[in-house]
Structure formats: structure tokens, C-alpha cells
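Here is the structure we will look at, set down as C-alpha cells.
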Amino acid sequence: MAQISLTFPDGTAREYDAGVTAADIAAGISNSLAKKAISATVNDQHYDMQWPITEDAQIAIHTMKDTAQAEELVRHDCAHIMARAVQELWPDVKVTIGPVIKDGWYYDFDRTEPFSTEDLTAIEKKMKEIINKRDSVRTEIWERQRAIDFYTANDEPYKVELIESIPGDEPLRMYWHGDWQDLCRGPHLQHTGQVPGDAFKLMSVAGAYWRGDSDRAMLQRIYGVAFTGKDGLKKHLHMLEEAAKRDHRKLGKEMNLFHMQEEAPGMVFWHPNGWRIYTLLQDYMRRRQDKGGYVEVNTPQVVNRKLWEASGHWDNYQENMFIVEVDEDHAREKAVNALKPMNCPCHIQVFNQGLKSYRDLPLRMAEFGSCNRYEPSGAMHGIMRVRGFTQDDGHIFCTEAQVEEETKIFVDFLALVYKDLGFENWSVKLSTRPEKRVGSEESWDQAEEALANGIKAAGYDFEIQEGEGAFYGPKLEFVLTDAIGRDWQCGTLQIDPNLPERLDASYIGEDGARHRPLMLHRATLGSFERFIGILIEEHAGKLPFWLAPRQVVVASIVTDANDYAQEVVEALRAVGVRAEADIRNEKINYKVREHSLGKVPVILAVGMKEVEDRTVSARRLGSKQSQIVTIDEIVTELRAEALAPDLRD
RNA sequence: GCUGCUGUAGCUCAGUGGUAGAGCGCGUCAUUGGUAAUGACGAGGUCGGGAGUUCAAUUCUCCCCAGCAGCACCA
């Protein structure tokens, strides 16, 4: 038999027969390792203990201490164990797929009856039984047709379909533990007992379409989380609890920022506190955009269908538009209008007024544009996904040659804004040409390259989302993450040669002839609604001082200090700090507690001592300590802090 | 839009086939207190909307609306 040489992490190399498995190797090293081993990394590939190794390789054998590998295996085995538990409890349930995801796994089942909360408990119990059986995991490679015949005979139509959709005719890997069997790439643990029985939990059931296609069967998906030990699970559950406290819907209520109600689903009623944040953010963005060379415009909310027909929205986006029919007296037919779902067609109307020269390009046009989209009911989420929202929208009219430079300028701009607003972690995605698209391959090549180069020039890494671009052009997405780890696209930059064409935008070139400009759709925050939602969650409601709707409360300790409290408030207001007096007949403890819960960043307590000394006792949100300072000192300090980042020196 | 769950006082929630309860908040009074809840008393609800079953529905059934989780969607 041929010999191969395997090199271990400590650098030693050993000779083995070709086809040796990690299990053999571990057994050759020690009994305890053979028991503890869970998998191996062979030349950077994650190997099952049973897989034969046929070539010289670097090898590392893993135990549960190797968290990355262990978590992957535990979660993957949990998926299988859960599927087995479900089929043992309800033998007529059909299995489909069950991948590992962040923190856990899910598995999709086809079952007529819905899974109830009690069912989940029963499944968990059954899973623990299976784990306690310590059934060894066995794997075999099967010919494709044999696998198809097997699943056909076992009445598992989804598995048959899966195999048929796998391209090529390579043999497939089959796995067993006990009598239960699944088609799976692996790797897996050595036996079910290697899954810690106290470190997983089934979290929820929800519907999910077979193969992610809304035209196909709705399956039932069970989500679970799993870790390598029970501390991991405990930490995770605690993290979820903490995240729930940052939820912008909860904080929005607690801080009295906004509300929503049944009569206007997906529309925000901004309260004074929330609207303060909104306008501060808008003022800030306006100043930034002015400095960034944008011209601001404002365009109509209600526009006749003719424009939407010309732009293509009428044919492609109608089901997402609020349509307004007006039955005018004496009119032969009803006037049909739509609330604008996007600002771009209107911006081209502004661009089209008067002849434009190449000297006008790039022309950066901005609008805080209110849009309405009839979003599917299930898509709505707090103020992050709504039907009425305002974009910090902008369209850059430019030539192809200017795209790369404009991209870099925009990314720099966005990075500056995100930094000002306290975001360190955001990611960029480049979505490339989709299957259904317009335009030549060359123009797509050029557009994708320009975006990639622009972002690289700005100094950021990006991830490519193959085929996720708009039908008219590629796009950059700037993604922020909410409290419980859901990603939200906020900023965007999209190249669009299509709309200028459809709406006949042109400029006079150096050569005296008419040319078509390109249009770059871009937004930095995305929408104020979504961004404020993210902002609240990122800061857990404790907004930076300049954005805090209520900045200072001056709380009197005794009634005799009330006038003085009012005087301090006036001194702060005179320099533009948002201050209010709390002279209610309540104890200072009560006032401190209430305003702390209300996330007011600074509480100034004043009693008789402060009245006599002309001082305040200042307390920062989150701090247990207070500090005695003079009125002048606190006014100077807070006045500086109240400035938006772009107004500081 | 799809699957499942939920909807009771301003908020958070308990509860029942015989038209409802707590805590907080709110109002009044007392209290003048030193950095995360002072006390007493009081007001407040067609139990999401509609229909049905029943002597009787907030409770059971159906339809609708909204919210929540996930899926799909987000040119």
C-alpha cells in the first residue's frame, strides 16, 4: 500500500498508509485522544474522523476545545439529531434541509400539522434521548442513482429533488446514526453523545418556502441554537435579553420618540422627542451635503401616471405604489396619480429643465425626499422598514469617466458621516449583474469595475453579492447591524444608465453634440426612519449629547431651589443647550431615576447648597458620581459638547 | 404576500361562558427630601373590529385589521 506523510501542527511528520482516517491516527496517538477527537483539519479542509486521507498533508486533530470546529460540528449534528427526533415522533414528516447558521442551525420539515410550542419541548426531550444513546455516526459514499432509488422508496421526495438538482453525477455522501439516515456533505461528530445535551435549545418555528421560492411549498422551519458547553448557551440567552432592551420599538416608547397605529400601518407618528432627533440629523446632513458640493431640490409627492409610465415604474413597480385616483368634475376620465416611491424620475425632470453642458457635470442633486411604498405587510418592522419614509437621497449626473472618482468621493463622504454618528462597524457589498438585466456586457464590466475601484480607492474592503444588482446596473450597499444582529442596508450607490435614457436626459458635450449622462443613485443614511432606528439600537437609546432630544434636566431638591433651577435652565438655553427644569414635588431620587430611565445625558441637581454657591451638582448618565461645578463651567462645557461634530474645530 | 403566534386601563401584564384585576403612570392631599421609586386617597377599560353559537361571549367558532418571529419581497 502506498505511504503518505502527514505533518502535525508541532511540525513532526509521520508516515501512514494511504487511506488512513483521522480516527486511526488518533487511536495511534492515545486512547483518550481517540475518544475526545471530533474532527480533523486536513490541508485546510474540515474532515470527518472517518474520511480516508489519501495524500501527503498538514493535519490537525480537533477536540471540543477547538471552538470554531466544535461549534460547527455540534450545530450540524444537532440539525440531524433534531430531524431524527422529529421523524421518530411523527414518522410521516418529510425532511428537507438543515444547515448551520450563526449561533445554531435550522431544519425545514414538511408536515401538515403546525409544530406547537409543546411540540418543541417534546422534540428537545427526544433529542436528549438520542444524545444519551451515543449512537455512532457512520458514513458511506453512494452512487447517485442508488441514492435516488433509496429516497424514492422511503418516500422522501424533497431529498430526491435535492439530489436531482445537484449538478454532475458525482457520488453522494450518506450519513447514519442509529437507524436514522440523511444525505449530507459532512463532516460529523463520531457519535451523537459528543453533542453536549445541556448546551442547545430550540428557539422558534416559522414558515419557510421550499428552496426559498415563494411559488413553492411552505415548509415549517425550526430554529435552534447550540454551543460547545452550557455556559455558551447561557451567555447567548443573556445576550438576547440584553439585545431586546435595545430594541428601537421598545426604546421609542420608553423615550417617547414616536408611535405607530393601526390606521396608518408602516407610517410613523413622530413625537416631539423623536422629531428633534430627526431634524437634528437632517440639519447635520444638509450642512454636510452643502459642503460636499450638492445642490438641494424638492420635488412633488403626487405625480401623474404618465411620468411613471415613462420611467418604467408603472410596469415594474406598480404593486408597490400608492395609487391616487381623483374623480374631477367634468373630467372625461379619472386622473390617475401615484405617490412617489422614489425621487429619481423627479430629479431628472429638474435636470431636464434648461440645457446642460458637460461643464455642469458632475451635477450632484440632493433631496430629503419623502417616499411612499406599499410594502408587503409581512415586511414591516418598527421604523426600520416602513411604507412612508424620507430618504437622504441624491443623484449624481455624470459621465462614465467620472464614475470612479464620484464613487470614491461618496464613500469618503459616507464614511465621515457614519463616523460622526458613532458607527465603527459597517460593511460594504457590491452587487453585480443579475440574470434579468438591460445593457451591454461591456457597460456592465465597466460599471462594476468603476464601483470596485472607487471603493478600493477610498480604502475599504467589500464583499461581492453575485447577481444581486439592479436590472439597470450594479450597486454598492452599506450595511449596518441592529441590536440582535439583523443586517440593514442603509447607504447605497447605484449606477444607472437606464433612467436617463428613458426620461431623455442629455447634456451638450465638448464636441457640441448631445450626450446621455449616467445617473448615480446614492443615499448615505438611506432613510431617516431606518437610520434613526439603527442609531437608537446602536447607542441603546443613549444618543451622543448633540443628538439627544433632551440634553439636560435641572432637578430641584427642595422647593426653595426652584427659581434657581429655572435660572440655570435659562443660562443653558441661552447657549443652545436643550435644558428643562424638573421642579415637581418629588424626591431627588425619584427624579434621578426617572430621567436616567429616560436616557437624559446630564442631570443637574440643585439644592440650597448650590443656590448659595451658584453651582450645580452634575451627574452624567451611567455614572454613579456627581460633580459640583459653577454655572459658568457647566454652560461652557455643555455648550461645546452640544455642537454637532461638523461644527467643532 | 406566506406559515405560526399575539391583541385586556396611558405602559407592562394577570384573569374568567354570568359585562374585569395588579403594578407602574395619571389626579388630589400630606410630605421639603441630597443622586435610580415618600405615603394616603381617587379617577380610569363597549377586553382590536365584525358576524355566529348560547338564556348569557372579553372567554367558544368564523371573517377582517394590526403587531411579533421567520420566509419571500426590498427594479
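Residue numbers (this note's numbering): -9 to 639.
Here a beta-carbon is modelled for each residue, glycine too, at the ideal position from N, C-alpha and C.
Just so it is clear, the structure is predicted and the values come from calculations on it, not from any experiment.
In this chain, the alpha helix (DSSP H) harbouring residue 22 covers 21 to 26. Per DSSP, the unbroken alpha helix (DSSP H) holding residue 76 starts and ends at 57 to 79. Assignment of residue 279 by DSSP, reduced to helix, strand and coil, places it in the helix class.
In this structure, the beta-carbon distance from residue 51 to residue 30 falls below 8 Å.
For residue 174, there is no enclosing alpha helix (DSSP H), as DSSP marks it with neither H nor E.
With the rule of 3 Cβ pairs closer than 8 Å, the stretch 339 to 353 does not count as touching the stretch 363 to 373. Residue 29 carries a strand assignment under DSSP once its states are collapsed to helix, strand and coil. Only exposed fits residue -8, as fewer than 16 other CB atoms lie within 10 angstroms of its CB. When DSSP states are grouped into helix, strand and coil, residue 156 belongs to the coil group.
Taking a C-beta distance under 8 Å as the contact criterion, residue 410 and residue 515 do not qualify as a contact pair.
Residue 70 has its alpha-carbon roughly 11 Å from the corresponding atom of residue 127. Here DSSP, grouped into helix, strand and coil, assigns residue 327 to strand. In the three-state reduction of the DSSP assignment, residue 453 falls in the strand class. Annotated three-state conformation of residue 291 is coil, per DSSP. Pairwise C-beta distances place the stretch -1 to 15 in contact with the stretch 29 to 46, as three or more of them are shorter than 8 Å. In the displayed model, residue 522 falls within a helix according to three-state DSSP.
Non-local beta-carbon contacts of residue 238 in its own chain, meaning distances under 6 Å to residues more than five positions away in sequence, involve 372, 523, 526, 527 in chain order.
Out of 498, 467, 121, 232, the CA that lies nearest to the CA of residue 348 is found in 498. The stretch 296 to 361 is shown to contain whole alpha helix (DSSP H) runs of 4 or more residues at 303 to 306, 334 to 341, in chain order. DSSP places residue 5 in the uninterrupted beta strand (DSSP E) bounded by 3 to 7.
Judged by DSSP secondary structure, residue 509 falls within the beta strand (DSSP E) whose first and last residues are 508 to 517.
Fully contained in the stretch 427 to 496 are the following alpha helix (DSSP H) runs of length 4 or more, in chain order: 431 to 448, 488 to 492.
Collapsing the DSSP output to three states places residue 84 in a strand.
Two segments are said to touch when three or more pairs of C-beta atoms, one from each, lie closer than 8 Å; by this definition the stretch 220 to 228 does not touch the stretch 349 to 356. By the 16-neighbour rule on beta-carbons within 10 angstroms, residue 565 is exposed. By the C-beta density criterion, residue 292 is exposed, having fewer than 16 other C-beta atoms within 10 angstroms. Taking residue 114 as the centre and dropping the five residues before and after it, the same chain places the C-beta of 192 closer than 6 Å to its C-beta, in chain order. If you draw a straight line from the Cα of residue 390 to the Cα of residue 446, it is about 18 Å long. Under the criterion of beta carbons closer than 8 Å, residue 278 and residue 501 do not qualify as touching, at roughly 36 Å. Taking a contact to require three or more Cβ pairs closer than 8 Å, the stretch 540 to 554 and the stretch 280 to 290 do not qualify as touching.
Sequence-distant partners of residue 208 (beyond 5 residues in either direction) whose C-beta falls short of 7 Å from its own C-beta, in its chain, are 197, 199. As summarised for the stretch 156 to 243, the continuous alpha helix (DSSP H) elements at least 4 residues long and confined to that stretch are 220 to 236, given in chain order.
CA-CA distance, residue 185 to residue 544, rounds to 57 Å. One Cα belongs to residue 100, the other to residue 34, and the distance between them is close to 36 Å. Within 10 angstroms of the beta-carbon of residue 457 lie fewer than 16 other beta-carbons, which makes it exposed. Every alpha helix (DSSP H) stretch that sits fully inside the stretch 573 to 627 and reaches 4 residues is listed by chain position as 578 to 587, 598 to 603.
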